[in-house]
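First comes the structure, then the notes that go with it.
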């Protein structure tokens with residue numbers, strides 16, 4: 186939980202549960218919430234969980250695409266303040282697709298607890314709800330559209346760079362706008378507000394493209410989704426449904442590297458976003474700089490060993506580096522964000538900063 190106690194209204198047990206749930210579903214986002222102060226920590230935590238529900242449904246390969254789309258559309262109606270659909274109605278609809286409790290993942294526990302999350306959200310101040318609802322609904326609607334687009338494929342099969350960016354916008358650019366709506370509720374100059382909104386989507390796109398590049402193996406084996414664009418794979422003579430085939434390892438690795446380089450093109454805008462965010466309502470620069478710097482480190486690893494993204498080995502940065510980055514950003518940073526970015530792009534930060542392995 187975050188440090189200061191100016192908590193938003195609502196049931197304390199529900200709010201505590203939401204904070205615990207974030208810890209279970211996303212290590213990176215949990216780090217963000219942990220270094221926010223209240224009330225922003227709870228606003229971001231609850232907003233994230235609202236978005237995690239549809240994300241889990243979209244990724245569920247045991248749910249037929251037509252049913253996924255129907256559930257997503259119903260969830261969108263739950264979030265629509267002008268619609269009478271209740272969270273309990275959605276929970277009843279999703280019940281037959283929930284794994285058994287003893288084998289249920291943390292993600293599906295969040296889906297099963299949708300009424301609790303929505304109830305906690307509805308207890309937040311009106312301006313907070315108004316900031317969160319439009320981008321959250323846009324995320325849900327975009328996911329439903331993509332599921333419907335590839336309903337006959339069994340899973341998503343991204344075709345082009347433009348479609349990849351479109352998908353990443355719905356999956357993460359919308360979250361960037363959600364965060365920015367919350368941060369921009371205060372008294373900001375027009376120039377600062379414009380810079381925030383000009384770079385918010387790019388911040389989200391950076392993080393999502395890094396995920397696309399590093400999670401190829403899991404996305405295909407666990408969810409039957411291929412986000413590496415078919416046109417990029419075709420340029421390397423790799424059929425999209427054979428992205429993990431050993432005989433195409435070299436070509437597929439080249440596309441992973443290409444995706445990582447594309448992600449890298451969003452770093453400057455993402456850095457501008459971080460240098461512009463206000464520290465009001467419990468917001469901290471560290472909360473957003475940490476995932477940014479971890480993305481820089483992950484890009485370094487992807488560009489060095491793109492083939493790891495095609496196997497169960499995966500691409501990740503070490504716990505020592507994560508600890509070093511978090512420690513640096515939650516103390517008094519000794520370097521500028523630009524300097525930290527350069528250091529991490531060159532080598533693992535715990536080595537660059539002289540910390541022991």
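Numbering (our numbering), first residue to last: 186 to 542.
All C-beta atoms in this analysis are idealised placements derived from N, C-alpha and C, irrespective of residue type, glycine included.
*Are the stretch 383-393 and the stretch 348-361 touching, with three or more C-beta to C-beta distances below 8 Å?*
yes
*Ends of the alpha helix (DSSP H) at residue 299?*
299-307
_Rounded separation between residue 525 and residue 351 - CA only_ = 30 Å
*CA-to-CA distance, residue 432 to residue 188, given in whole angstroms*: Unreliable placement is indicated for residue 188, whose pLDDT of 43 sits below 50; no coordinate value is reported for it.
*Which residue from 268, 428, 512 and 485 puts its Cα closest to that of residue 406?*
428
*Does DSSP put residue 411 in a helix, in a strand, or in coil?*
strand
*So, residue 380 versus residue 369, is the Cβ gap smaller than 8 Å?*
no
*Can you give, in chain order, each stretch of the alpha helix (DSSP H) that sits fully within the stretch 207-294 and has at least 4 residues?*
212-219, 225-244, 250-264 and 272-279
*Of all the options 229, 445, 466 and 457, which has the alpha carbon lying nearest to the alpha carbon of residue 500?*
445
*In three-state DSSP terms, what is residue 205?*
helix
*Host alpha helix (DSSP H) of residue 458 (start-end)*: 452-461
*Using a Cβ-Cβ cut-off of 8 Å (strictly less than) and excluding sequence neighbours within five positions of residue 190, which residues of its own chain qualify?*
A caution first: residue 190 carries a pLDDT of 47, below 50, which makes its placement in the model unreliable, though a value can still be read off. If we look at residue 190 and ignore the five residues flanking it on each side, its Cβ neighbours are 223.
*Using a Cβ-Cβ cut-off of 6 Å (strictly less than) and excluding sequence neighbours within five positions of residue 390, which residues of its own chain qualify?*
353, 358 and 451
*asked:* Check whether the stretch 475-489 and the stretch 499-515 are in contact - that is, three or more C-beta pairs closer than 8 Å.
replied: yes
*Exposed or buried, which one is residue 265 when buried takes at least 16 other CB atoms within 10 Å?*
exposed
*For residue 198, is the classification buried or exposed, using 16 other Cβ atoms within 10 angstroms of its Cβ as the cut-off for buried?*
exposed
_According to DSSP, residues forming a beta bridge with residue 342_ = 411
*State the Cα-Cα distance for the pair residue 203 and residue 244, rounded to the nearest angstrom.*
21 Å
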